[in-house]
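To start, the structure under review is shown below, and the notes come after it.
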């Protein structure tokens, strides 16, 4: 899951970066509004955490610009102002959710998961495919009720595929969900993770479409 | 004694009315009395002349006969003359009279008149005492001087009338006073109605409603007061907004460091990797330092605010202050290998407060060190410029863009180049407040090291200044 974090405060930004990375997101951290806008335009993110009080271009202005250009990425806004008006303005200008500082990291993660669920158009918190269950909140995968151990990145690949059931995802798309700018991309990484998943959960789950990518078929 | 203007007016108006009315009443009482006396006297003399006319003919005829009758029987009843006086009106004089013939023979007298002459003077009003009663007497004789009429009126009858007039006067005064008091009350009340309306409105106002009072309906006399009040309201509103904004800003600015603290603590709590957990915990500690710094600067700023407008002449030496401040900050500068220097004139005594000027210099130099990259230059100088003392802090940092130069003095403003520099955004606000209190001036410009140059112009502490507590200072922006 690719996440754009826009926060100018050094301490909060690095804390959020660490916290969101812990939760399994590939986090790109930008420190001002202009860079945030460029990032939104050049990369495809699954979700974004945007501080309103950004230098150069405020979070609200970034929202205006990206919504005007048709970007539908779910955005959670961080604000230091807690009046109703501040909240309304943020939501009305295209934010999907907001949190008032100081906030709880667990709650932030839960809200991001809810945003991702809504984006994938599902209501159940647990992703399911046949006998396989993936719970993004507890970061666990179960097969026939038994917990299966998967690495964080393999988990993310599986989650991305399960959220896009019936759609072919290219290797690049899957890579993007795994790595932030800082990470060095291992060219075989996606194949390796797919291999691990197949080993743990069976070969039938993920089909390879040669030359295109991978697909998890819609459950019958 | 505390009295409302209403009561004061009522008491004043009433007592003045009573005094004026009293004087007029006493005056008109005596005036009336005088005229009444003249009237009564005129009546008396008229009666005497009428009596003389009526009686002269008849008396001559009876003169011989009367002279033969014993004197004891000589009364009006026997004389054949009918008695004249009958009281027709309550204020009419009951006239007593004697008719003398040849100055010694009492021909006729009224029953209540004595048988001795009332007066010896003709054509003159005199007083006569009879049985404890005071009479007014008038006598008149005929041309032959053989017939004299003496008439008398009782003073008590006159007094009856004058006291009746006095009572009338007092009564009208007594009756009209309450009426007057009522009218004054109503009138005064009406005049004070606009003020009472304002008082009522003020009473109902909430503490944060500092809207100006509408002066449209205010009487001219009260207008200066209300206008002054409105000015006060204006100032209060400014101060109030300032404080509200300050509190909101402060709360707002503390939210981010608090959020950082919580997030980093939560990250540390769940991190299994020791190194990463250590990093997160270090951020918790630096977050606490940052928040503490903000709180300290906020406190400093709020302490600068009240009652600081008067500068006591401490006559501090700015060169010494700069020396101390730079000594304190040199270790930080050396950490970044910054070339820091001070070029100060000897004994730069300025007009101001030592503690505040210390904060001013420290903040400016600290800023310069923070924004100047490693191996850069910070140069502080203190020189005489015309009559003033000029403090200059120049650095080789990124400088401040022209369009940002006003904003940097605002509370919590962080410059675009300050993203990665720890700071609270309060340093220059504090500087700005100290400048304001010292009626000094500050200018941001471009330094010869291609960075920021801050010029602060302060007034020197001359002997003249010491005598003249800062009044001769020129206010500069």
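Residue numbers (the numbering used here), protein chains in the order written: chain E, 1 to 220; chain Y, 1001 to 1477. Don't be surprised by glycine CBs; every beta carbon is placed ideally from N, CA and C.
Inset, instruction - Please check if any C-beta of chain E sits within less than 9 Å of the C-beta of residue 1310 (chain Y). - result: Unreliable positioning characterises residue 1310 (chain Y) in this predicted model, as indicated by a pLDDT of 49, which lies under 50. The coordinate reading is nonetheless provided below. Cβ-Cβ to chain E under 9 Å: no for residue 1310 (chain Y).
Inset, instruction - State the Cα-Cα distance for the pair residue 1476 (chain Y) and residue 181 (chain E), rounded to the nearest angstrom. - result: Residue confidence is low: residue 1476 (chain Y) scores 39 on pLDDT, short of 50, so the model does not pin down where it sits. Its coordinate-derived value is still stated next. The alpha-carbon atoms of residue 1476 (chain Y) and residue 181 (chain E) are separated by roughly 52 Å.
Legend entry - Anticipated Cβ contact below 8 Å, residue 1357 (chain Y) with residue 1321 (chain Y), distance rounded: 5 Å
Inset, instruction - Count the C-beta pairs between the stretch 130 to 141 of chain E and the stretch 1004 to 1011 of chain Y that are closer than 8 Å, then say yes if the count reaches three, no if not. - result: no
Inset, instruction - Over the uninterrupted alpha helix (DSSP H) stretch that includes residue 1371 (chain Y), give me the two end residues. - result: 1354 to 1371
Inset, instruction - Output, in chain order, the set of chain E residues within a Cβ distance shorter than 8 Å of residue 1280 (chain Y). - result: 15, 18
Inset, instruction - In angstroms with no decimal places, state the Cα-to-Cα distance between residue 1048 (chain Y) and residue 1165 (chain Y). - result: 27 Å
Inset, instruction - Kindly indicate which residue of E:140, E:100, E:128, E:75 has the alpha-carbon position closest to the one of residue 116 (chain E). - result: E:75
Inset, instruction - Using a cut-off of 9 Å between C-beta atoms, extract the partners of residue 137 (chain E) located in chain Y. - result: Those do not exist, as residue 137 (chain E) stays about 14 Å from chain Y at its closest Cβ, beyond 9 Å.
Inset, instruction - Leaving out five residues on either side along the sequence, give the residues of the same chain with a beta carbon under 6 Å from the beta carbon of residue 142 (chain E). - result: 133
Inset, instruction - With 8 Å as the C-beta to C-beta threshold (strictly closer), list the residues of the stretch 1246 to 1261 of chain Y near chain E in chain order. - result: 1252, 1253, 1255, 1256, 1257, 1258, 1259, 1260, 1261
Inset, instruction - May I have the straight-line CA-CA distance separating residue 1467 (chain Y) from residue 1374 (chain Y), to the nearest angstrom? - result: In this prediction, residue 1467 (chain Y) has a pLDDT of 39, which is less than 50 and means its spatial position is unreliable; nothing more can be read from the coordinates.
Inset, instruction - Indicate the three-state DSSP secondary structure (helix, strand or coil) for residue 1021 (chain Y) in the structure shown. - result: helix
Inset, instruction - Could you tell me which residues DSSP pairs with residue 1351 (chain Y) in its beta bridges? - result: DSSP lists no partner for residue 1351 (chain Y).
Inset, instruction - Might you give, ordered along the chain, the residues of its own chain that have their beta carbon closer than 8 Å to the beta carbon of residue 167 (chain E), omitting 5 neighbours on each side? - result: 215
Inset, instruction - Can you give me the start and stop residues for the beta strand (DSSP E) that residue 1136 (chain Y) sits inside? - result: 1133 to 1141
Legend entry - Own chain partners of residue 1345 (chain Y) with C-beta closer than 7 Å, once the 5 adjacent residues on each side are dropped: 1319, 1382, 1383, 1384
Legend entry - Exposure of residue 1347 (chain Y), with buried meaning 16 or more beta-carbon neighbours within 10 Å: exposed
Legend entry - Against chain A: residues of the stretch 1286 to 1297 of chain Y by CB proximity under 8 Å: Of the chains in the structure shown, none is chain A; the protein chains are E and Y.
Inset, instruction - Give the residues of chain E in contact with residue 1271 (chain Y), contact being defined as C-beta atoms less than 8 Å apart. - result: 18, 22
Legend entry - Closer than 9 Å to chain E by CB, residue 1014 (chain Y): no
Legend entry - Beta bridge counterpart(s) of residue 1096 (chain Y) as assigned by DSSP: Y:1152
Inset, instruction - Inspect the CB distances between the stretch 103 to 121 of chain E and the stretch 1279 to 1286 of chain Y and report whether three or more fall short of 8 Å. - result: no
Legend entry - Contact the stretch 1245 to 1264 of chain Y vs the stretch 1219 to 1235 of chain Y: 3+ CB pairs below 8 Å: no
Inset, instruction - Go ahead and pull the three-state DSSP assignment for residue 1084 (chain Y). - result: Residue placement at residue 1084 (chain Y) is flagged as unreliable, the pLDDT there being 49, under the threshold of 50; the coordinate-derived value follows with that caveat. Three-state DSSP puts residue 1084 (chain Y) in coil, outside helix and strand.
Legend entry - residue 81 (chain E) at chain Y interface by Cβ criterion, 9 Å: yes
Legend entry - Cross-chain neighbours of residue 155 (chain E) in chain Y, by beta carbon under 8 Å: Simply none; closest approach about 16 Å.
Inset, instruction - Leaving out five residues on either side along the sequence, give the residues of the same chain with a beta carbon under 8 Å from the beta carbon of residue 1032 (chain Y). - result: 1162, 1165
Inset, instruction - Give a yes or no on whether the C-beta atoms belonging to residue 1110 (chain Y) and residue 1120 (chain Y) are separated by under 9 Å. - result: no
Legend entry - Beta-carbon separation (whole angstroms), residue 1260 (chain Y) vs residue 9 (chain E), contact threshold 8 Å: 6 Å
Inset, instruction - Could you check how far apart the C-beta atoms of residue 151 (chain E) and residue 195 (chain E) are, in whole angstroms? I think they sit under 8 Å. - result: That pair is no contact at about 12 Å.
Legend entry - Min CB distance residue 1266 (chain Y) to chain E below 9 Å: yes
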